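Counting in this note's numbering, the sequence shown runs from 23 upward without gaps.
Cβ atoms here follow ideal geometry from the backbone N, Cα and C, with glycine treated the same way.
These figures come from a predicted structure and were not determined experimentally.
Please read the structure below before turning to the comments.
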Amino acid sequence: MSRVADERDRIRAAMDRILRGTPELSNGALTIVALAVEAGVPRNALTEWHTNLNNEFYDKVRACGGTPDREQRLRKLGKPSVP
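Right, here's the structure in full:
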């Protein structure tokens with residue numbers, strides 16, 4: 023099996039574990055960083071080499087009714103504070 027195919031398999035397996043709520047190596051956050059840690063690949067493997075898997079992960083998060091952690095943080099930043 024090629025390195026690329028092996029990485030893709032590990033990323034997909036990590037995706038499944040995170041989405042099931044059973045991470046083994048990461049904190050299970052719905053982020054690309056946690057996905058990379060869970061898969062044992064560098065983060066740029068998802069942001070540069072396997073961008074389709076990056077998008078697939080966020081699509082699956084939304085399909086499960088979740089909101090990616092980065093989106094939650096952005097929403098909090100956009101809310102005005104109440105005195």
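Limits of the alpha helix (DSSP H) - the one that residue i falls within
i     : result
Ala35 : Arg25 to Arg42
Ala85 : Thr73 to Ala85
Val55 : Ile54 to Ala61
Counted within 10 angstroms of its Cβ, other Cβ atoms place residue i as buried (16 or more) or exposed
i     : result
Glu46 : exposed
Asn66 : exposed
Asn76 : buried
Alpha-carbon to alpha-carbon, residue j and residue i
i     : j     : result
Arg42 : Arg84 : 14 Å
Arg30 : Thr53 : 17 Å
Ala61 : Cys86 : 20 Å
Ala51 : His72 : 19 Å
Ala35 : Ala56 : 13 Å
Met23 : Asn49 : 29 Å
Arg39 : Arg25 : 21 Å
Close beta carbons around residue i, own chain, < 7 Å, minus the five adjacent residues each side
i     : result
Ala58 : Pro64, Arg65, Ala67 and Leu68
Arg82 : The sequence as given places Lys at residue 82; Arg does not occur at that position. Once the five neighbours on either side are set aside, the close Cβ partners of Lys82 are Met37 and Leu41.
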